[in-house]
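Undergrad: Quick one: the structure is below, and I'll ask about it shortly.
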Amino acid sequence: MMRPTAFRWMMILTLAWTATAALGGAAFEPLDAARRAAIVGAAPQPVRLDTTAQVRLVDTIDCANPNDPHPMADDGTSRITDSPLGAYRETAINDNSFFAYRFFVDNPRRPHLVVAEYPDDDERIATIFFHEEPMKGLYNSDFHVEGGYYTGAELPVTGGAGLFQAYVWPITESPAIVCHNQRPGKRAALRRIWVYEILGDLPAAGVNEPAGEPTRRIGSFFEDTRMLRFNFGGYGPAGAERLMAFLSHTGQNLFAFDAVLYNYPKCSLPQFGQGNNDTESILAAADKHGIEVIAVFDPTAGFKVNGIETGDLTDAAVRQGWMEALEAFVDTYGSHRSLKGISFGGPAGCNRMIYPGLGAFQQQIHAMVQRKRPDLTVHVYFGYHFLHRFMFLGEAFRPDTIVTAWEEQPDRTFRQALADKVAAYYNSIHLDMDDYRDRPGMRVHRSFYPNDHRCFRYYPLRTPRYPIFLDFNEASEVAALTAGAQGACLFGNYFEVTTGLFGGEAGNFWWDRTWIAPQINPAEPFFNAPYANALAQSDVVQILNASWVEPTVGGPQKVLQFARAYRTLPARPFETVASKDFVVVRQLRGAKGTYVYVLNNHYTAAEVALTLDGAAVATDLVEGTTVADATKVAVGPYELRTFRLDAPRAVTGVQVARRPAAYDKLRQDVRRLGELIARAKNEGPEEISAAYVNTHARARELLDAGEVQQAADVLGAMPAHELQLRIDLAGKRPAVTAAAPPAAFALDGDLREWTAGPSLRIETRENIIVDRWVFNRWEGPEDLSATVAVARDGARIIIAFRVCDEVSRPGDAISFEFDADEYDHRGDGGRFDRVVAVAAPEQGERRGADQVVVRTADGYAGELVIDLADLNLQPGRPLGFHVNLADMDMDPEEFARLIKGRRDWRRETRLEWPAGNDNYIGTRDPRSCGWLVVE
Numbered sequence: 002m003m004r005p006t007a008f009r010w011m012m013i014l015t016l017a018w019t020a021t022a023a024l025g026g027a028a029f030e031p032l033d034a035a036r037r038a039a040i041v042g043a044a045p046q047p048v049r050l051d052t053t054a055q056v057r058l059v060d061t062i063d064c065a066n067p068n069d070p071h072p073m074a075d076d077g078t079s080r081i082t083d084s085p086l087g088a089y090r091e092t093a094i095n096d097n098s099f100f101a102y103r104f105f106v107d108n109p110r111r112p113h114l115v116v117a118e119y120p121d122d123d124e125r126i127a128t129i130f131f132h133e134e135p136m137k138g139l140y141n142s143d144f145h146v147e148g149g150y151y152t153g154a155e156l157p158v159t160g161g162a163g164l165f166q167a168y169v170w171p172i173t174e175s176p177a178i179v180c181h182n183q184r185p186g187k188r189a190a191l192r193r194i195w196v197y198e199i200l201g202d203l204p205a206a207g208v209n210e211p212a213g214e215p216t217r218r219i220g221s222f223f224e225d226t227r228m229l230r231f232n233f234g235g236y237g238p239a240g241a242e243r244l245m246a247f248l249s250h251t252g253q254n255l256f257a258f259d260a261v262l263y264n265y266p267k268c269s270l271p272q273f274g275q276g277n278n279d280t281e282s283i284l285a286a287a288d289k290h291g292i293e294v295i296a297v298f299d300p301t302a303g304f305k306v307n308g309i310e311t312g313d314l315t316d317a318a319v320r321q322g323w324m325e326a327l328e329a330f331v332d333t334y335g336s337h338r339s340l341k342g343i344s345f346g347g348p349a350g351c352n353r354m355i356y357p358g359l360g361a362f363q364q365q366i367h368a369m370v371q372r373k374r375p376d377l378t379v380h381v382y383f384g385y386h387f388l389h390r391f392m393f394l395g396e397a398f399r400p401d402t403i404v405t406a407w408e409e410q411p412d413r414t415f416r417q418a419l420a421d422k423v424a425a426y427y428n429s430i431h432l433d434m435d436d437y438r439d440r441p442g443m444r445v446h447r448s449f450y451p452n453d454h455r456c457f458r459y460y461p462l463r464t465p466r467y468p469i470f471l472d473f474n475e476a477s478e479v480a481a482l483t484a485g486a487q488g489a490c491l492f493g494n495y496f497e498v499t500t501g502l503f504g505g506e507a508g509n510f511w512w513d514r515t516w517i518a519p520q521i522n523p524a525e526p527f528f529n530a531p532y533a534n535a536l537a538q539s540d541v542v543q544i545l546n547a548s549w550v551e552p553t554v555g556g557p558q559k560v561l562q563f564a565r566a567y568r569t570l571p572a573r574p575f576e577t578v579a580s581k582d583f584v585v586v587r588q589l590r591g592a593k594g595t596y597v598y599v600l601n602n603h604y605t606a607a608e609v610a611l612t613l614d615g616a617a618v619a620t621d622l623v624e625g626t627t628v629a630d631a632t633k634v635a636v637g638p639y640e641l642r643t644f645r646l647d648a649p650r651a652v653t654g655v656q657v658a659r660r661p662a663a664y665d666k667l668r669q670d671v672r673r674l675g676e677l678i679a680r681a682k683n684e685g686p687e688e689i690s691a692a693y694v695n696t697h698a699r700a701r702e703l704l705d706a707g708e709v710q711q712a713a714d715v716l717g718a719m720p721a722h723e724l725q726l727r728i729d730l731a732g733k734r735p736a737v738t739a740a741a742p743p744a745a746f747a748l749d750g751d752l753r754e755w756t757a758g759p760s761l762r763i764e765t766r767e768n769i770i771v772d773r774w775v776f777n778r779w780e781g782p783e784d785l786s787a788t789v790a791v792a793r794d795g796a797r798i799i800i801a802f803r804v805c806d807e808v809s810r811p812g813d814a815i816s817f818e819f820d821a822d823e824y825d826h827r828g829d830g831g832r833f834d835r836v837v838a839v840a841a842p843e844q845g846e847r848r849g850a851d852q853v854v855v856r857t858a859d860g861y862a863g864e865l866v867i868d869l870a871d872l873n874l875q876p877g878r879p880l881g882f883h884v885n886l887a888d889m890d891m892d893p894e895e896f897a898r899l900i901k902g903r904r905d906w907r908r909e910t911r912l913e914w915p916a917g918n919d920n921y922i923g924t925r926d927p928r929s930c931g932w933l934v935v936e
């Protein structure tokens, strides 16, 4: 692959001097204060600016203006698109396509609010992240503010403008902001960017907490205190102070972090060595701001106890070591009034060796805590990050087994069958609610994975059955497994992404930025959907939003909106009055009045009518104002409204006005399932289960009866998707037919006798493989492409190929994968029967067939011969066929430096045939195959 030529700069300024990036990046011309003042003065304001802080606009970028004066870089493929919303800039459709700008600030290390407007007019998954010179930019080395948004798909496209908002503490005067595409086939986009400096301190949010009793808790968890440096402008006390001020400003009153992560302590304890003691800084700042803290001890992997690897210790010794460490932690840090909780095993996981005795061990921790600090709570998480590994990566069972188990129970819904599997998983790792139920001082959290149904389509599982995650989050049957849980954990899984951004004069960016781990959240109008869903499922008194990075990035003002309502409620159980039509109404009656909340768990607004058992005056608890009519409540998408009646009245009835948009969408979904059933019967590879027919009939019956929410629960997300997947796999595979070989064929690498032309070509952007570990710096057919001809000669398959690859490096190769028996829809971990690897001359190993490869003027070419008997060809069945092109153009040592020496099989670019595969990872799974017809 050829290196990108240079940055595509968009400049109209010529200034007297030029700055250069500290890591060897390309030169750029900064904008001085006077020029920025002129730009700011002429700039339009955002459609909304929802902040209580005092701000000053210091810079703005018009992404749709080709003459915007800010330094700009992209991969050569971004474009300006006109739309009814106005013009905006968008990336190409390929994964890792990007554009970036540098903006300028006057006062680094001061808080800034960056507002980026994007069009909500199509399905998109975009990451928005920041970068500065002091960052290493390597794999898992440092983290800046990294977020993103997704639009469309299960959410409606609003046709309006969405705002991505992030608080940033830049440490230089000219950071970069990057818009990066994560949805192959679609485009990430931005229209304009505003940068505001916060004047003075971030003000604490005004919250009307209940008088005389504890309020509910809402907050954030992020795993690594390294986030403090670039997310909040510095390590230690300064970073911790900014973090707590940010939490208070956004209405959050809870923070959780890993005091010990694996074997990297953030506290000073003899059992784990001397850590950096970020714990002390965090607790001191939390004391000041009134934020409660949960210290998490995460023994997921790679940890030691008293300097000894756990693998060299008995389970009893491991638990004893941990108990000593936890007791020492409480003794050392227990004087901080902000320390309110201990969690052994956190949102990110718990080592499996602990599981068999986890319940009993948690009870021992609880007994110790009650003895030393009775006000501390012990927190337990049901779900864990490893749920994906155990449930959906095959260690317990695979997504296809969930589907097939349901198909064998046609009288059950898919979500019921899914709950059966989750229950079996909990049982297998010894998670039992009875170990924690009705124990004062212990709090169980049900874990949700609210964004995985979008992100996990591509990472890390690349499972086409990604709607399983949506069903998992929304299934009341799964919620019932943790009935009585008082907390909810919204775990934004680690969406690690290779970016392909490289610095230097020949690069495509100012600095190296090869890896990010962004938190990608719903589009702005629906940002609070994860909070609403968790509260709708159970009357939890604590919600923790957890991620690797700061989890609320993109929508801090939306979090504030939800938090201001949630925290007006007492931390006591409420009675559910009604849960219907995606609206939940709960109440808490007292001698002097009644608390009521109305929650809308849908993307359309709702009008709700309440029936009371007597007259009462209602107060809106967020605004502190009297409500004119307590019986009529309007709630926006995923909005929580809270009230207090001035008399001990009860809500005795709830009516939700019909929402045409919600009803029509559900009717459309029911109709689509029926159409897919009909198509699958005609086009699918086999007879379909009665489970689909029964689901369709039951959902249609409920919808006809006006039971909208129940119909949606029965319908679920997975059944229709599964049928579509099977239809796609059966009908969209291209085929090539093995022709007659050349009359004078000889295995010599000379292709002149192949006069009939190629059987297939690999030469378009659609051939790019979607994979998080591939940089995909493809520039066109002259950079990397191939033609392949396939022939049959009696009992042999003969393949001739020509590869265009201008730069020869170790790792350059073409491979041919064959499969005869695992190409159907079942299974999520298939393997090829035969892989034939063909390295470029002098550039690697060759295996799997007799072959000859020769160097050509623009790459390499060759021929290979395979015995049909070696391909496991089944009578009457097609032969799966897949071609994979791998390319390396960088110096291997430089590439190893960029990826920090990891994944020696990673390449700069991979292309594949068939093109446009959007279901399975082509390099590893035979269901990505096309057909090879061998007659």
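According to the numbering used here, the sequence shown is numbered sequentially starting from 2. We put the CB at the ideal spot given by N, CA and C, even for glycine. Since the structure is predicted, the reported quantities are computational estimates derived from the model, not experimental observations.
1. List the whole-angstrom C-beta distance separating Thr173 from Pro109, where the pair is believed to meet the contact cut-off of C-beta under 8 Å.
2. Assign His367 to one of three DSSP states: helix, strand, or coil.
3. Report all residues from its chain with a CB closer than 7 Å to the CB of Ala518; omit the five preceding and five following residues, and keep chain order.
4. Quick check: what's the CA-CA separation for Trp516 versus Phe896?
5. Quick one: what does DSSP say His290 is sitting in, helix, strand or coil?
6. State the CB to CB distance for the pair Arg111 and Pro176, rounded to an integer number of angstroms; the pair is presumed to be in contact (CB under 8 Å).
7. Take every Cβ of the region 711 to 719, pair it with every Cβ of the region 410 to 427, and state whether three or more of those distances are shorter than 8 Å.
8. Ile544 to Gly508, Cα distance in whole Å?
9. Between which two residues does the beta strand (DSSP E) harbouring Asn683 extend?
10. Quick check on Trp323: does DSSP put it in helix, strand or coil?
11. Is the region 570 to 589 close to the region 644 to 660, with three or more CB pairs under 8 Å?
12. Taking only the alpha-carbon atoms, compute the straight-line gap between Val836 and Gly87 and give it to the nearest angstrom.
13. Where does Asn601 land, buried or exposed, given buried means 16+ other C-beta within 10 angstroms?
14. Which residues does DSSP pair with Asn546 in a beta bridge?
15. I need the boundaries of the beta strand (DSSP E) containing Ser690, first residue and last residue.
16. Roughly how many whole angstroms lie between the Cα atoms of Arg217 and Thr405?
17. Along the chain, which unbroken stretches of the alpha helix (DSSP H) at least 4 residues long are found entirely within the region 698 to 777?
18. How many Å lie between Tyr168 and Gln558 at the Cα?
19. Using DSSP with H/G/I as helix, E/B as strand and the rest coil, what is Cys64?
20. Relative to the C-alpha of Ala486, which candidate in Gly501, Phe415 and Arg573 has its C-alpha closest?
21. If you count every other CB in all the chains shown that lies within 10 Å of the CB of Ala7, and 16 or more means buried, which is it?
22. Does the distance from the CB of Pro552 to the CB of Gly625 come in under 9 Å?
23. Alpha carbon to alpha carbon, what distance is there between Gln253 and Ala162?
24. Run through the DSSP bridge pairs and tell me what Arg835 is partnered with.
25. Count the other CB atoms within 10 Å of the CB of Gly25; is the residue buried (16 or more) or exposed (fewer)?
26. For the beta strand (DSSP E) holding Glu91, just list the boundary residues, first then last.
27. Grouping DSSP H, G and I as helix and E and B as strand, with all else coil, what is Ala610?
28. If you draw a straight line from the C-alpha of Arg514 to the C-alpha of Thr612, how long is it?
29. How many Å lie between Glu210 and Arg565 at the Cα?
30. Rounded to a whole number of angstroms, what is the C-alpha to C-alpha distance between Thr21 and Phe29?
31. Under 9 Å between the Cβ atoms of Thr632 and Ala610?
32. Secondary structure at Ala418, three-state DSSP: helix, strand or coil?
33. Residues bridged to Gly954 by DSSP?
34. Would Leu203 and Ala257 qualify as a contact pair, given that the criterion is a beta-carbon distance under 9 Å?
35. Would you kindly check if the distance between the Cβ of Phe817 and the Cβ of Phe746 is under 9 Å?
36. Please list, in chain order, all residues of the same chain as Ser98 whose beta carbon is under 6 Å from its beta carbon, the five residues on each side excluded.
TA: According to the structure data:
1. Right, the Cβ-Cβ distance comes to about 6 Å (below 8 Å), so this counts as a contact.
2. His367 falls in the helix class under three-state DSSP.
3. Answer for Ala518: Phe144, Glu147, Tyr495, Phe496, Glu497, Trp549 and Val550, listed in chain order.
4. One alpha carbon belongs to Trp516, the other to Phe896, and they sit about 13 Å apart.
5. In the structure shown, His290 adopts helical secondary structure according to DSSP, grouped into three states.
6. Incorrect: roughly 13 Å between the Cβ atoms, too far for contact.
7. The region 711 to 719, when compared against the region 410 to 427, does touch it at the 8 Å Cβ threshold.
8. If you draw a straight line from the Cα of Ile544 to the Cα of Gly508, it comes to about 43 Å.
9. No beta strand (DSSP E) holds Asn683; the alpha helix (DSSP H) holding it covers Pro661 to Glu684.
10. The answer is helix: DSSP assigns Trp323 an H, G or I state.
11. With a cut-off of 8 Å, the region 644 to 660 and the region 570 to 589 count as touching, because enough Cβ pairs lie within range.
12. Between Val836 and Gly87, the C-alpha separation is close to 50 Å.
13. With 16 or more other Cβ atoms within 10 Å, it is buried.
14. Looking at the DSSP assignment, Asn546 forms a beta bridge with Ser221 and Leu491.
15. Neither: Ser690 is in no beta strand (DSSP E) and is coded neither H nor E.
16. CA-to-CA, the gap between Arg217 and Thr405 works out to about 41 Å.
17. Fully enclosed alpha helix (DSSP H) runs of 4 or longer: 709 to 716 and 719 to 732.
18. Between Tyr168 and Gln558, the C-alpha separation is close to 10 Å.
19. Coil.
20. Taking only the C-alpha atoms, the option nearest Ala486 is Arg573.
21. At Ala7, the pLDDT of 32 sits below 50, so the modelled position is not reliable and the matter cannot be decided from this model.
22. For Pro552 and Gly625, no; Cβs fall outside 9 Å.
23. Taking the CA atoms as reference points, Ala162 sits about 27 Å from Gln253.
24. Arg835 pairs with Phe819.
25. Below a pLDDT of 50, predicted positions are generally treated as unreliable, and Gly25, at 35, falls in that range; no measurement from the model is reported.
26. Segment Tyr89 to Glu91, the beta strand (DSSP E) holding Glu91.
27. When DSSP states are grouped into helix, strand and coil, Ala610 belongs to the strand group.
28. A direct Cα-Cα distance of roughly 58 Å separates Arg514 from Thr612.
29. When rounded, the distance between both Cα atoms is 9 Å.
30. Unreliable placement is indicated for Thr21, whose pLDDT of 35 sits below 50; the coordinate value is still reported in the next sentence. Computed Cα separation, rounded: 6 Å.
31. Ala610 sits close to Thr632, with the two beta carbons spaced by under 9 Å.
32. In the displayed model, Ala418 falls within a helix according to three-state DSSP.
33. The shown model of the chain, from 2 to 936, leaves out residue 954, and the question about it has no answer.
34. In this structure, Ala257 does not lie closer than 9 Å to Leu203 by Cβ.
35. Taking C-beta atoms as the reference points, Phe746 and Phe817 fail to come closer than 9 Å.
36. Taken in chain order, the residues that qualify are Asp76, Thr78, Thr92 and Asn182.
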